[in-house]
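Visitor: Quick one: the structure is below, questions incoming.
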Amino acid sequence: MKPDKALIFEMSRPGRVAYSLPECDVPECDASEDIPVHLLRSKPAGLPEVYEVDVIRHYTELSRRNFGVDNGFYPLGSCTMKYNPKLNEEAARLAGFARIHPYQPEESIQGALELLYTLQQDLAELTGMDQMTLQPAAGAHGEWTGLMLIRAYHESRGEKRTKVIVPDSSHGTNPASATAAGFETVTIPSNSKGLVDLDKLRAAAGPDTAALMLTNPNTLGLFEEQIVEIAAIVHEAGGLLYYDGANSNAIMGIARPGDMGFDVVHLNLHKTMSTPHGGGGPGAGPVGVKSRLIPFLPKPVVSRRADGTYYWDYDRPQSIGRVKAYYGNFGILVRAYAYIRSYGPEGLRRVSECAVLNANYMRMRLAPYFDVPYPGICKHEFVLSGKRLKAYGVRTLDVAKRLLDFGYHPPTIYFPLNVEECLMIEPTETESKETMDAFIDTMIQIIREAETNPQLLLEAPHTTIVKRLNETQAARKPVLNCTCG
Ligand SMILES: *Cc1c(COP(=O)(O)O)cnc(C)c1O
-18 MKPDKALIFE MSRPGRVAYS LPECDVPECD ASEDIPVHLL RSKPAGLPEV YEVDVIRHYT
42 ELSRRNFGVD NGFYPLGSCT MKYNPKLNEE AARLAGFARI HPYQPEESIQ GALELLYTLQ
102 QDLAELTGMD QMTLQPAAGA HGEWTGLMLI RAYHESRGEK RTKVIVPDSS HGTNPASATA
162 AGFETVTIPS NSKGLVDLDK LRAAAGPDTA ALMLTNPNTL GLFEEQIVEI AAIVHEAGGL
222 LYYDGANSNA IMGIARPGDM GFDVVHLNLH KTMSTPHGGG GPGAGPVGVK SRLIPFLPKP
282 VVSRRADGTY YWDYDRPQSI GRVKAYYGNF GILVRAYAYI RSYGPEGLRR VSECAVLNAN
342 YMRMRLAPYF DVPYPGICKH EFVLSGKRLK AYGVRTLDVA KRLLDFGYHP PTIYFPLNVE
402 ECLMIEPTET ESKETMDAFI DTMIQIIREA ETNPQLLLEA PHTTIVKRLN ETQAARKPVL
462 NCTCG
């Protein structure tokens, strides 16, 4: 049998090494002098002993088992991996950005501060907000930060508001962040069009309402047509409006949350503006606010003096404090800056137009083969329901697994929660018609298979290294090492 190239522990032979170092010409240190004895290893670490080429092949092989946006089409709705221009990777690696230290004196990092300041201005303009903080490290972190700002605002006015309203189509992080920020979540059901039900919102909004959290377009890919009325209802109740802008590639240069009545917004730079994400990699979730919330922004804030120099402003007595070490994930901010500069305002608008066009093209071609819970024009993404396939004993999960056999990353499934057997598809703006057509043709083929040979789907995937997992067992009894039997 051909040895599995990834089984590096099995390849280990005593005495093999993957490095060559010159003879040590300084006295070797005695670890027990620096490290408390009870923390010292009593046995060697048990690492595989292999040659350099074996290590390289091992990691290269593992990397080939991964799927990323550079391998193929990745139509995951909502948390989509959008465009990651390679040029922005170069920019983030420039020594002047990558090798500076946050404790360097301000006068030696003026360029970096200018970049942050300009990015703040750009993002504020794009979202219609008055000021941004770039500190939060992820979307959910931005949500939590935004809610803490809302909390500080209400408290500064002597108001005790304890509830945050979210629609049932909201991203799971919304209620989670509200809870983490000490609020109680009130979920309101969407109406038959998949939009906020104004009567339900009126009934829920009151003197205890701190905020409404909304994604617009929502996670069904639908734009809240009555957003101005929604904003009025919440504001009249004394609450604020929070905008989840994790996926902004439907509205850039076309509509601004600030103009819709939102008071606080977060963006996911690691979705909309470059930077590959996933696997828990670094992100950035800047938060923008309207002027009445500016005093509470996390400190320090990067500011500009009259003479044009930049500095960290710590003199902010009402600030909620720091939410992230130093000043956020700087490399990701550099990528976002490069993204915005290289597209320019017209280019960003074009991104959104193409994202919406692509989504509607795919929606129209796939609609005849699925149930369509919310017909009509969508924005950057759309949802389908696979409930018709239940007649063949096949579920949406099986369609997703079968897609793996064809080399696709499946769409998001079973989210949002208010659509039965949900599939949520976002092609993004950068895919060609040929790529989308090939995916659609594959989906149609899979539907035919479900009708004629459902077993093929139930046992999928067939071509991947890891076959169908027992997901319950994987969640309950995860086996996390590679020496399992
Ligand atoms: C991805 C996403 C989030 C959360 O962002 P993280 O960076 O993963 O914390 C929040 N809301 C929506 C709509 C999202 O798509």
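Counting in this note's numbering, the sequence shown runs from -18 upward without gaps. We treat Cβ as the ideally placed atom computed from N, Cα and C, and that holds for glycine. Treat the numbers as computed from the prediction; the structure is a model and nothing was measured.
Select from Gly123, Glu95, Ala227 and Asn399 the residue whose C-alpha is nearest the C-alpha of Asn197.
Guide: Looking at the Cα atoms, Ala227 is the closest of the given residues.
Visitor: Between the Cα of Glu70 and the Cα atoms of Met405, Leu250, Tyr342 and Gly312, which residue gives the shortest distance?
Guide: Answer by Cα proximity: Gly312.
Visitor: DSSP state of Tyr389, grouped into three classes?
Guide: Three-state DSSP puts Tyr389 in coil, outside helix and strand.
Visitor: On the DSSP bridge list, what partners appear for His247?
Guide: Answer by DSSP bridge pairing, in chain order: Asp225 and Val268.
Visitor: Just list the alpha helix (DSSP H) runs in the stretch 31 to 83, keeping only unbroken ones of 4 residues or longer that don't cross its boundaries, in chain order.
Guide: Here the runs fully enclosed are 33 to 45, 67 to 74 and 76 to 79.
Visitor: Checking the sheet assignment: what are the DSSP bridge partners for Tyr467?
Guide: The question about residue 467 has no answer here: the residues shown for the chain are numbered -18 through 466.
Visitor: Report yes if the C-beta of Asp149 is less than 6 Å from at least one heavy atom of ligand 2; otherwise report no.
Guide: Of the ligands one can find in the structure shown, namely ligand 1, none is ligand 2.
Visitor: For Leu450, which residues from the same chain have a beta carbon less than 8 Å from its beta carbon, with the 5 sequence-adjacent residues on both sides left out?
Guide: For Leu450, where only same-chain residues beyond five positions count, there are no Cβ hits under 8 Å.
Visitor: Let me confirm a value: His361 is counted as buried when at least 16 other C-beta atoms fall within 10 Å, else exposed. Which label applies?
Guide: When all chains shown are included, His361 counts as buried.
Visitor: For His443, which residues of its own chain have a beta-carbon under 7 Å away from its beta-carbon, when the five flanking residues on both sides are left out?
Guide: These residues qualify, in order along the chain: Asp386.
Visitor: Near Phe54, what residues of its chain come up, given a Cβ to Cβ distance below 6 Å and the 5 sequence neighbours on each side ignored?
Guide: Same-chain partners within the cutoff: Tyr389, Thr416 and Phe420.
Visitor: For Thr168 and Ser151, I'd like the C-alpha separation in whole angstroms.
Guide: Their Cα atoms are separated by approximately 9 Å.
Visitor: Tell me the residue span of the beta strand (DSSP E) that contains Val18.
Guide: From DSSP, Val18 is part of no beta strand (DSSP E); its letter is neither H nor E.
Visitor: Decide if Gly127 is buried, meaning its Cβ has at least 16 other Cβ atoms within 10 Å, or exposed.
Guide: Classification of Gly127: buried, given that the 10 Å Cβ count is 16 or more.
Visitor: Is His216 near ligand 1 - that is, is its Cβ less than 6 Å away from at least one heavy atom of it?
Guide: False, no ligand heavy atom lies under 6 Å from that Cβ.
Visitor: Given a cut-off of 7 Å on the beta-carbon distance, is the pair Ser171 and Glu124 in contact?
Guide: Result no, Cβ atoms of Ser171 and Glu124 do not sit closer than 7 Å.
Visitor: Within 10 Å of its beta-carbon, does Lys448 have 16 or more other beta-carbons around it, so buried, or fewer, so exposed?
Guide: Lys448 should be labelled exposed.
Visitor: Is Thr126 near ligand 1, in the sense that its beta carbon is under 6 Å from a heavy atom of that ligand?
Guide: It does not: the Cβ of Thr126 is nowhere closer than 6 Å to a heavy atom of ligand 1.
Visitor: Could you spell out the range, first to last residue, of the beta strand (DSSP E) harbouring Ser284?
Guide: Here the beta strand (DSSP E) through Ser284 covers Val282 to Arg285.
Visitor: Runs of 3 residues minimum, wholly inside the stretch 153 to 216: which ones carry the beta strand (DSSP E) assignment?
Guide: You should have 165 to 169 and 190 to 195.
Visitor: Roughly how many angstroms lie between the CA atoms of His258 and Asn199, to the nearest whole one?
Guide: When rounded, the distance between both Cα atoms is 21 Å.
Visitor: Could you check if Lys371 is buried or exposed, using at least 16 other CB atoms within 10 Å of its CB as the buried criterion?
Guide: Its Cβ having fewer than 16 others within 10 Å, Lys371 is exposed.
Visitor: Report all residues from its chain with a CB closer than 6 Å to the CB of Leu437; omit the five preceding and five following residues, and keep chain order.
Guide: Contacts found: Glu430.
Visitor: Determine the direct distance from the alpha carbon of Ala287 to that of Asn47, and round the result to whole angstroms.
Guide: C-alpha separation (whole angstroms): 50 Å.
Visitor: What residues are listed by DSSP as bridge partners for Cys403?
Guide: Partner(s): Ser366.
Visitor: Going by C-alpha to C-alpha distance, which of Leu195, Val283 and Ser255 sits closest to Asn155?
Guide: Selected option, being the one with the closest Cα: Leu195.
Visitor: Have a look at the DSSP bridge pairing and note the partners of Trp293.
Guide: DSSP output for Trp293 lists Val283 as bridge partner(s).
Visitor: Would the stretch 323 to 338 count as touching the stretch 231 to 240 if we require 3 or more Cβ pairs under 8 Å?
Guide: Yes, the stretch 323 to 338 touches the stretch 231 to 240.
Visitor: Rounded to the nearest angstrom, how far is the Cβ of Leu130 from that of Val245, given a contact under 8 Å?
Guide: Contact holds; Cβ gap of about 6 Å.
Visitor: Could you check where the beta strand (DSSP E) with Val147 kicks off and where it finishes?
Guide: Unbroken beta strand (DSSP E) run through Val147: Lys144 to Pro148.
Visitor: Please go through the same chain and pick out, in chain order, the residues whose beta-carbon is closer than 7 Å to the beta-carbon of Asp178, but skip the five residues on each side of it.
Guide: Ile169, Pro170, Ser171 and Asn172, listed in sequence order.
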